[in-house]
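Residue numbers (the UniProt record's numbering): 1 to 298.
Where is the CB? At the ideal position from N, CA and C, for every residue including glycine.
Data block below; observations after.
Here it is in C-alpha cells:
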C-alpha cells in the first residue's frame, strides 16, 4: 500500500488489494501447481474495522501453499438485512455472492456467523439459483476448513498465554464446530483442537463454556441492556478463570466483548483464532487490530 494511503488510516483489505495488486504476505512461498483455488470471503465488519484478521487468514492459507484470491468486489452477505426481515434488501447481496464465488473450489471465511448465513440461510433468499447447493457445500469457516479439509500442523507455533476460548453461537450451534450443552451431543471441538497444537498455550476452564456473549447482531441494538448484561457475564467468567487472552472465531463476538472489557479496564486481551495461529501477540492484536477505529461496541 502506498505510504500516503497508509497515513490516512485507511487500513481495510479492500484498500490494500486495490492499491497493491501484488500484495501477498507469503508471496515468497511457491504455490503448488494445480492446488485448490480458494476464494477468501471477508465479512464487511472485519474488512473495515479488523483487517488484520483477514490478513492473518490470508497468511495461514497461503502459508499452506494454497492459491488464495480476495474478490475485491465482494460486499456484505446480507445477514443484517435478513435478520431484520428485509429479505428484499438482502437478496441482491446473496446473488452477488454467488456470482463472485462460484468459480472457486472452496470459499473460506474467518467468521462462523457469515459462513452460516451462506450455508443455512441463503436458501431463503436465492433458493432457486441452481448454483446455490454447490456453493454452500464449498463454503467453510476457517477453523472448519483447517480441521476437515486442509489440515495444517501448528505444533511449531508458540503462544505462552492462558486462553479462554469463547465459542460463538453460529459456529457452535449452526456449523457444529463443537458440541453444545443444549443437545448434549459430543462432537470434536475443531477450534480448540487447532489451538491445542500451539506450544505454550494453555486453556483455562470456564464455568459456562458455550454461553452466548449477548451480541447477536441487531439484538444488541434492540435489546441493549440484556446484551450488555450477557456480555459482562461472559467477561467475568474469563476473568474468574484467570484467562489472559480471550480467543474466539467470530470478530462480532469479540467486538462486543472488547467494548465491555475496555470500559471496565479489565486486564484481558482479545484475539481472533486466526491471529493466534498466524503468530500474532496479544499486545499487537489489541493495540492495532481489535479495538475499533471509531465508535464503541454496544
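One question on the structure: do residue i and residue j come within less than 9 Å of each other, judged by their Cβ atoms?
| i | j | result |
| --- | --- | --- |
| residue 163 | residue 68 | no |
| residue 126 | residue 154 | no |
| residue 52 | residue 280 | yes |
| residue 73 | residue 37 | no |
| residue 274 | residue 142 | yes |
| residue 230 | residue 45 | no |
| residue 203 | residue 165 | yes |
| residue 147 | residue 190 | yes |
| residue 167 | residue 117 | no |
| residue 260 | residue 150 | no |
| residue 175 | residue 144 | yes |
Assuming residue i and residue j are in contact, meaning their beta carbons sit under 8 Å apart, how far apart are those beta carbons, in whole angstroms?
| i | j | result |
| --- | --- | --- |
| residue 110 | residue 54 | 7 Å |
| residue 227 | residue 113 | That pair is no contact at about 15 Å. |
| residue 108 | residue 161 | Not a contact, Cβ separation roughly 26 Å. |
| residue 105 | residue 138 | 7 Å |
| residue 243 | residue 152 | That belief does not hold up - the Cβ atoms of residue 243 and residue 152 are roughly 25 Å apart, past 8 Å. |
When burial is assigned at 16 or more other CB atoms within 10 Å of the CB, is residue i buried or exposed?
| i | result |
| --- | --- |
| residue 94 | buried |
| residue 218 | exposed |
| residue 86 | exposed |
| residue 240 | exposed |
| residue 88 | exposed |
| residue 75 | exposed |
| residue 22 | With a pLDDT of 38 at residue 22, under the threshold of 50, the modelled position of this residue cannot be trusted; read the value that follows with caution. So residue 22 counts as exposed. |
| residue 207 | exposed |
| residue 225 | exposed |
| residue 16 | In this prediction, residue 16 scores a pLDDT of 49, lower than 50, which makes its location untrustworthy; the coordinate-derived value is nonetheless stated afterwards. The residue in question, residue 16, is buried, as its Cβ has 16 or more Cβ neighbours within 10 Å. |
| residue 119 | buried |
| residue 133 | exposed |
| residue 156 | exposed |
| residue 50 | buried |
| residue 43 | buried |
| residue 62 | buried |
| residue 205 | exposed |
Compare the Cα-Cα distances from residue i to each of the options and report the closest residue.
| i | options | result |
| --- | --- | --- |
| residue 169 | 129, 115, 201 | 115 |
| residue 269 | 276, 260, 282, 259 | 282 |
| residue 258 | 43, 234, 211 | 234 |
| residue 122 | 261, 249, 77, 272 | 77 |
| residue 201 | 277, 150, 261 | 277 |
| residue 57 | 243, 250, 101 | 250 |
| residue 196 | 210, 222, 158 | 158 |
| residue 136 | 152, 101, 167 | 101 |
| residue 90 | 194, 232, 124, 266 | 124 |
| residue 84 | 128, 266, 188, 222 | 222 |
| residue 264 | 271, 50, 232 | 232 |
| residue 71 | 245, 62, 39, 177 | 39 |
| residue 92 | 129, 60, 59 | 129 |
Counting only runs of 3+ residues fully inside the segment 207 to 289, write out the beta strand (DSSP E) ranges in chain order.
Taking 3 residues as the shortest admissible run, the segment 207 to 289 contains the following complete beta strand (DSSP E) segments, listed from N- to C-terminal end: 245 to 248, 269 to 272.
Pick out the complete beta strand (DSSP E) segments inside the UniProt domain "Cysteine-rich" (38 to 118), 3 residues or longer, and give them in chain order.
Listed in chain order, they are 67 to 69, 106 to 109.
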